Structures are given as C-alpha cells and as structure tokens.
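What follows is a set of notes on a single structure, which appears directly below.
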Amino acid sequence: MKETRIKVILGVLLMLYLIKDTSTTLQTAPGELAKKLAELAINGLGTSEMQGYYDKLTFKSLDLDGNSILNDLATRFANKLQTKVTIARKIKDAVEVSYAKSATVTSRTECCKADTRWLKYDSRFRTKVNLDEMCVIISGAASSNPKQLQDNVLQTMKQNIENNPTLTWQYFGSEEGLYTNYPMIRDSSSCSSYDPRYRPWYVEAASPQPKDVILVVDYSGSMGGSRLPIAKEAAKTVLDTLNPRDRVAFLAFESGVRRVKVTSGDAKDEKCFESSLAKASPVNIDILKKFLDGEYASGGTMYAIAFNAAFDILDKYYKEKNTTRRPVILFMTDGAPNDDPGTILNTVKTRNQGLSTKADILTFGMGGGISPAGVDLLQSLAEQTLDGGARFEVSLTTALRDVSRHLLAVARSARKLVQVGRYTPVTDVSNLRNRMATYYSAFSRKEDDKPIFSVPYVDTLGLGLLTSITFPCYHQGKFIGVAGTDVVMSELLADVTYFNQGQASYAFVADSSGRTMMHPLLPKPSDPYQAPFFLDIRDLEPEGNFSDIIFSGIKSQTPGSLFLTSSRFLARGGSIYDGVTTKAIPSMYYWKPIPNTNFTLGIVVKKDVKNYITDAVKKPEDKAIVKFGPQAFKNPYEYLGNEETDKTVAEYVKYFDGGTSEKFKESIRNTVYVTQMAETIWGKSNTGLSQYVVWRYISAQSNIDKLALSKPYVDAAGAGLVITAAQTIFKVRENQHATADDVIAVMGADFPLPYFKKILGDTYPLCKSSSYTCFVMDRSGFLIYHDTFMTSSITARDLNLAHVTDKEKLVAQDMIQRGLLERKHCRNMASIKTVNFYDVRVTTGVDYTATYLSCSANYNIFPISGSNAFLGLVRKTGSCYSNGALCSCSSDKERTCSYISPDCQCPCSSTLDFNYCDSEYPPSNVSICAVPAEALLTSEEKQACVPRDLQKCYDPKCSEKTTEGACEGVVGCSWCVRDGDGASLSNPFCSPIDECFAGTKGAKSPGAGEGNYCKSTSDGNKSSGSSGLSGGAIAGIIIAVIIVLIAIIVGVVLYKKIHKKKPSARPKPADASSAPPIQPAVDFKPGVAPPTVNANAPYPPYNQQAAPPYPAYNPQYLPPGEYNPGYQ
C-alpha cells in the first residue's frame, strides 16, 4: 500500500512539473526549431553560400524608358493582329470568288467521316489533322444540298498556313447551315450536331452592331404538350447567339406577363431582370435559361399587355435618347389574341413612336392553327402597318430629336422612319429553333468592310483562349455567311503577358468599352467547357484617377501616361483561400491604342525601377538540367507554340557553349551560368541532409524574404507527401540585405512530410506524447503539419483543406475571440464571391486556455523565427474535441460560408455585391483576390515526364535501415509498426512508402510511386551508390533554372503542386431539334478529343509559377510541342 502511495505521489508531482514547465519548454522549442530550419536553409539549400556568390557579382543598372517599351510592345501586337486580319480577308475574298463560279463542286468529306489514316498529329492544333484537305459539317437544320466551296478556297487556306506557321483554324460558315473547316480533322461528335449560324462568332459578324433583344414568348394554355418545350429550346438557342456586347430581356406572356425572377443561386432576389435589359454575359444567360425552363403553360393569350411590358423596358434605354444600338422584339405565339387587334396595333404604334420608331419587331407564328386574321395581325405587327396597309408614321418633330441639325434636309425627306420587321410562319414546329435563331439575318447589311473581333472563348481542343477574326461574305449583294480564322490569345498577347521590366511591373489590354482582355488579376480559364468571365478594366484598377484619366483615354482611344500610386493585389499561396497581400506601389502608367482596332495596350512599372543584368560570367564546367520559361525568349510564343526538335535543342546547347542565338534574350546566358553555381554548392554538401531531400532547385526570380514552408502536397514524381522550403537570394548589397532589396533568385528544396515530423519530435519530445497535439501553421492558418497528417487514411484532399479552424476548432475559436486569428476578406471577381481568409496575428509566444461548456484545453502558439510558420501545442483534455466543434466547415466544392457559426468557420466563400444586369461591381475598399498560380500539366505531359529509358537514379535501400531513427523521414521510406488491422508487428521494419505509410503495413502514402522511377522495384535496375541524393545522381539533385518572373509572396514559395484534373467528358451532341449544350461565350468548333488544359498558356506576370523539376528530360519521349525541356 505504501509503495502504491509513493507511485501516485510521484505521478502527481511529475504531472504538475509537466504542466508548470510546458510553457517554458515551448518557449525554447520554437528557437530550436528555428535553428533546425536555418540549418536546412544553410546546409540543405546552400542559401548563405549562394548569396555570398551573388554578392561578389557585378551588375549593370539599366534605366527604363516606358514610352519606348510601350511603343515596341504595341508595334508587335499590331503586326500580329494585322497579319491575322489579312489572312481572314483572303479567306473572305476566296469564298466570294467561289460563290461567283458556276462550276459544280464535288461534295467534300464530312469531318465526322474523315479517314484517320491520313491524319497526323500537329502541335498547333493539339490534334491530328490533314493539311491537304478541308472537311465539312452539314447541320441537321441545313438547307437541302447546301452550296460547297471550290478548290480556290482550299488553295488559299493552304497558302495561308504555309506562310504563317503559327496559324490555327480557318473556316467558313454558310447561311445555309454548312460549316467548312481547314485543316481536315476527325470530329467525334454527331455528323449533324454543329450549326455555325447559332454561334456567337457567326452572329457577331453577320450583324456586328450591338443588339438589344427582348424575347417575348407565348406561355398560354394552348402551348401545352410538345409546343412549349420546343419554344423553350428555340428561345435558348437565341440566347446562345448573343455575346456580352449585346443586351437581352425575357418576357413570358399569357393573360398576364411573367417577368424573370431569380429564386436561387448567388443572384437570388436580384430584381433587375424583371424590368431591365441585361448584358448577355454567360452568367446572365444562365439565369434567363433557368427561369424560362422552369415556367409552364397556362392562361389566355393577351398581346397588348406583352408589348406594353417590352416597350416599358425599351423606354428606359431609348426614349428621347440618341444611340446607335439596334433594339429588336422577337414575338412568338401559336394563336390569335384574346384582346382586340386594333388595340394591339395602336399600342405598338404609340409606344414605338415614343422611341422614334427605333424598335424592329420580328413575329413568329408557331403551328398551322393560326387563323388568316391572326396571320394578318402578326404580319402587320412586324411591318408596323395599320389596317389597310397604312405605314406607321413618325412626326417630323419626333424624327428631329435623334438627328443633328446638319441632317435637317435628310430628315424632311424621310418622314417614314419606321423600321420594317418580318413575319415568319413556322408550320412545322420542329423548325422553330432554326427560324428564330437566324433572326439576325434581318439586320445583316453590307456596310464597312471591317474585320470583326469576337468575344474571346475557350477552344475545346486545348488551345486555350481564342478570339475569331471574321468577315461577313456577300454574293450579288446578299449575305451568304461568315469567313475567318482563330487567333490563340496566348500568341497574340505573348509579348504583353511576359512583359517584365523590373519587379512589380505588368501589362494589360482592354477594348474601348472597358472589357479586359489581359490583366494579371484576370483569371485564366482552365476548363474548355467553362465560359470566361468578362471584367471591366476599372474593376481591376480601382484607383479613382484610373477611371477619371486612364479609362477616358482607353474609351476615346488616345495615348497618355500618368503617375499613380496603385495597389498590387498579391496572392499569398496556391489557393485563393490563402488570402491576398495588398501593397501600394508608386507606379508609372503608359497606354496606347492599337491601330485599326478598338484595343488599348497599357504597361505599369514601378517608378524609378531599374533592371539589372550581370557582367560576363565564366562558363561553368558542369551542365545541369535547365528549364526555360517564355520570358527567356525574344519571341515567347515561338517557344510556346512550336514543336521542339533535336535541332532546336542542339541550337540551345551551342548558344550556352558560347555561340550566338537569335532566340534568347541577351542576359539569359549569364543568368544560367550564375545559377548553375548551385550545383557546385549542393554537390559538395556532406551534412547528411541529402537522404531527406527529394528535389533541390533554383529559380530566377522570386520574392520571398524568409525561409518559407509550403503546405504539404503530393509530389508529382511519386515521392509521396512533401513540403517545400525556400528562401530568396538578393541583388548585391554592401550591408545586410533587407526585404526592400531587389530579388535575383529563389532556392528551394522538397523534403518528405515524415522528415518534418522527425524534426518536430527530435526538437520537442512532447510532440511524441499522446497527451499533446503538435501542429505547425502558416500565416493564413493553413496547416503545414498536424498529427492527423500521419495517419494511414489521410488523402491529398484532406491536406489541401487542412486549416486550424478545422483541425483545432476550440483553439481557433479562442484565438479569434482574442484577436490572434483575424478574419479578412477579398473579392473574387471572376466567381462573384467574397472570399473569407485568415491572418495569424501572433508576434510573441502565447499561453491560453480555451473553454467550451465544461471542457477546456491549454494551448501555446509561438512564431518560428525567420520563417512564415507558427508552432502550436495543445494539451488534450477529456472529450473537448468532440464537444467543442464551434467552427463550421463547408464540405461542398464552393466552400460556401455557413450562417450556423458565422464568427468561426473555415476559409469559405459568400455572395458578393454585384449588379448583374449591367455586369458592374459597386465601389469597394475590399481587396481583390489575386489569381493563385497553378502548374497544370496535361495527362500526356505527365506521362511524358516519366523517363522510361533511364535507370532508377536512387534507391534509399529501406530494407537495410534497421531502426526507426535511421528510417523515418528518409526519401521513399516509412517505419512499419502495425498490420492492416491495427495489430502491432512483432518485428517492425523499414519499408517503401508505397507499401507502408504512417506505420501501417499495406497503406500507401498519397501519390507514392506514381512516377515510374520512384517506385520500389525488384528488378535490380538500381543505382549502385549507397549515398544520398548527391550531385552525381541523375535525378537526385537537379537544377531547374526557370527564367520567369514568379511572384510569390512572403509566406508561400514555389507551390509546385500538380493539379491532376481529369478531362471532363465531351457533352453529348445535340440533334437538330435541341439546343446546343454549350455556354454562350464558349465556342465549340468541331473537336476530336476530350478537352485538355493548355500547360503552355501564359500566366499573368504576378502569378507566374515554376512547374516541378522533373529528372532527366528526354525530348524523344515528349509528344510534339507539349513540353519544352530546354537546355540539357
């Protein structure tokens, strides 16, 4: 009994000692951890030695002439555009010559029936093509035997591509419903599913003037059965023909009028659709479609009330206003009205006279049940005549309201200014879609011979964002179709996108309406089936003087320059929920219109910024693996768009061996020479860290002032879960370097997550205790490490979503209440969302107790000196964690904020104030969410990165490590202590991570072994070396010199996660009687494969990011043009 008492007393004393000294121990732990991380930076990365090497270099300072730079960029932009315009004009001329010929044309091969034996892969199109032929698609709604093109068009198109190697698709869409495409491809869609006449690029060329369309559709009881679904599909097809330059409204009528009501989604309760014209943006088109789909047939047929509602909307925009826009009312019904025809005609006459008879009226009679009197009424409404055929007249006074005084004589001779519409009987209701969707032909007139630049859309074959340059074609004065070519925006804007003159510089392009074509804050569409979101340049440049002065210049197309202290919104990580850092930077703005277009190009440079290039540097003896970004080249798109061959690689080698090159910028060779010093530093490293390092690399340039740790992520090469650590190298400075110094490069290394656990456990033994939970978080509250990460059930998604508000809810709740975890917001302009993120506000160590009901938990949080991280330790008590779940976390894809616990919830999104109809954001002081950088590879590129022909470079020899200390944290190894059922193993052992993870036999680390060269093998195909990843290993140490500006903010570095997106399935082709399953601004020209992400599409300058370095690239195993390994 006495012995038992002594044990109890000793146990109590020990517990009191631990409680008393926990805070003291923690206070020393962050310092020890900081030392460990500093050791990693110095010995693992070699930052001190590399910084010392840079400090000894001599740099030349170059002053920047903003106007000269702008003029050079504008000239390149204009020349590219003019070349494409000339090509489109040649196609138009050839088509019109073809129509003038009387010779019979042999029917050309349909694209869906193209013989694949004659197709060859071409990187320009990202698919297989036949450059000797063109093919056709005949719509199911096409005219009988539509006219096909003569060989002169084929010869013109072939000549175009021979003279312009970067040219992509050339085509002609006819008014008869036939689409001709060059080069020939094999279209996997239904042979008759594509009709060019319904596409925005076609309609925009056929009637280029912006249109205001009001759809008035009969929803009366007689429309029941099959008629209303057909009418709905016809209405949706009309909506699909519109582009964001147009405006639209929808009215359903019966005995009364049903106006658009938004009852769900982010635009819920938005009232503007009821009585206003809405810009035909993709989001608004979706809202209108959803409403018209949800309505049903009932009631009578009252025409007058429907027309009054339509004119009520038009009055807001046209009454006593001078405008060049074209308003049109599309009126569809299946029967005679219940109200008086005379009243209806007088209503239309009076209301249209109030608009100076600006509105066109197109009427459609559906079915054969309309009486002769009903037909006469519909025809009179379209032609705007009274009984007896008298035309509506406009008084001279009314006419003069919209004309200038010098047009007085013209106005006097034009008393009848009424617009004449058209009545279209549709006896076969299945033809309604085609008849209504071609409404624009009533406005097609042969006017100025100017090219039409379409609203950008995403190519289904992976070419990225495209714009069409088109011309309307005529034969004997009659509109016959649209001819044109596509321009890849990454080619057109390459010089602008990769513009980099000093840090904090960028460029933008906007049209005269303010629509942004390119800007670092403009998201790049990554899904070919997702319509791009169009933003006004003023939304992305919120400073008042920008709107007052610069936007006025953009709108009037006049050049200028202006000093302006402007905000830079910088992403803090690889996810938008990492948040944004806002910096005010004194800047010079320069802008200039592009001749013969409505585009304006602008550049923004930090005031008094200079560029620095090194003097001549001695060529290194060894040649490491080098990857180049587009900015390394004088012509970025030539590098991105052209296929890399053995010849081009040989040219690279020759240049870096001292030869000349017309491809590279002047300073690139010295930059490569300098950064290759890292190989020497890493190669002589004998600190024992090598066995814990997956990759090491150096990149020029970046912006990190501390040792930054990333969130864990899946290594693309198969090394399992890894963390990146990186630090900045600054330009030479006599004294100690500061964060305001110019950044030259960033050095980084990846190491396994278990190694980080090992560091924590060795530095702070309490982290090994089951009574405590250890975690490390970044400044946004996302977890770099948590005990739950080392469980066999962890997934990559769990890691991506791991936040202190999710894993440590009680602690997070208390930190928020104490102001240690501050909730912030930014505006995600593309998704119309407010993003809620966090900022950790801990500057010195804290020791608090969090309570909830009867539960409590003691926690300590300390900043880790010299890094972006914070160390946390929580002493677990009872059932607090199951009962104290105060913070709510959304599980949906959008991470929608919850109203259950608004004060504490995981990073999430909520609605954002937005005027949907005008597509405008109200003024706001809230920061704009920056676009996170992503490294995206296609499935083909991922496969190409596997060096099938090379031996495995490094075998960690897990089976030879007999202790946990020798095994855990080593690249590719895991210490196994239990079987799959949780039973302890009698003989623990060291195992490859694709066979054991988190101590559990049979478990697999997420991502382990996905690269063929990182898997455990038994075929003897291994390196004979027993040392770690040394400088002599083929892939163990790799230098990836990526000559791009990668803007990575304090707290996040080289977030190299590969998003393994599966290609979405191609939508099922629609038949002739159903609406095309597409978004308005996404043009589906015929394709042959599911969509892929364009890895080479440009990122905005502030969001450039390095893709992970892969070992030993071999050009012969790369698909043509897919990824450029550069200089080996």
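Position 925 of the sequence shown, counting from 1, maps to 975 under our numbering, and the rest follow consecutively.
Even glycine gets a Cβ: it sits at the ideal position worked out from N, Cα and C.
These numbers come from a predicted model, not from an experiment.
Between the CA atoms of residue j and residue i - distance to the nearest angstrom
i, j, result
"K734", "V924", "41 Å"
"S637", "F714", "28 Å"
"P233", "F584", "30 Å"
"V266", "L228", "29 Å"
"K657", "S555", "10 Å"
"N93", "K926", "36 Å"
"V892", "R873", "14 Å"
"P957", "C937", "10 Å"
"G629", "V826", "18 Å"
"V722", "K669", "9 Å"
"F1039", "E1018", "11 Å"
"Q220", "C523", "15 Å"
"S238", "R176", "15 Å"
"A124", "L860", "56 Å"
"I502", "Q526", "21 Å"
"M879", "I978", "7 Å"
"D290", "P246", "12 Å"
Option in the options with minimal Cα separation from residue i
i, options, result
"T615", "N648, A621, V654 and T647", "V654"
"R401", "N388, S194, F361 and S881", "F361"
"M840", "A302, C967, T823 and D828", "T823"
"G1030", "L87, N646, N129 and E1045", "E1045"
"K642", "F127, K134, S960 and G738", "F127"
"A980", "D589, E89 and S969", "D589"
"V796", "T230, A91 and I363", "A91"
"N195", "S740, W168 and T154", "T154"
"D268", "T230, I675, I748 and F357", "F357"
"L771", "I844, Q132 and I411", "I844"
Presumed contact (8 Å Cβ cut-off) between residue i and residue j, rounded CB distance
i, j, result
"R236", "C161", "7 Å"
"L199", "N210", "So it is not a contact: roughly 14 Å between Cβ atoms."
"V1027", "P1006", "19 Å between Cβ atoms; not a contact."
"G1049", "W1025", "6 Å"
"T778", "G798", "Wrong, their Cβ atoms sit about 10 Å apart, outside the cutoff."
"I335", "A317", "Wrong, their Cβ atoms sit about 12 Å apart, outside the cutoff."
"E283", "S491", "Not quite, the Cβ-Cβ distance comes to about 20 Å (not below 8 Å), so this is no contact."
"A409", "P387", "No, A409 and P387 are not in contact; Cβ-Cβ is about 19 Å, not under 8 Å."
Same chain, Cβ closer than 8 Å to residue i, neighbours up to 5 away in sequence not counted
i, result
"N117", "S611 and Y640"
"D1121", "Legend: pLDDT at D1121 = 34, less than 50; position of this residue unreliable, no value from coordinates given."
"E324", "R309, V310 and K311"
"M568", "M539, L543, V546, T547, A557, F558, V559 and P1150"
"L83", "I809, L810, T813, Y814, I914 and L921"
Strand pairing of residue i, partner residues [DSSP]
i, result
"C1046", "K1051"
"V896", "I911"
"I773", "F801"
"N231", "C185 and Y221"
"I411", "I379"
"Y473", "T413"
"H836", "F825"
"A919", "D828"
Cutoff 6 Å; reference residue i; Cβ partners in own chain excluding five residues on either side
i, result
"T477", "G418"
"S504", "W251, E254, T517 and S518"
"L849", "P762"
"A1053", "S842 and F1047"
"F832", "K761 and H853"
"A533", "I141, K142, V145, F222, F521 and C523"
"I587", "A560, G564 and T566"
"R868", "none"
"G274", "A347"
Chain-order list of residues whose beta-carbon lies under 7 Å from that of residue i (same chain, five-residue window excluded)
i, result
"A330", "L292, N293, P294, D296, R297, V298 and P1130"
"S821", "R925 and K926"
"V479", "R277, I280, M416 and G417"
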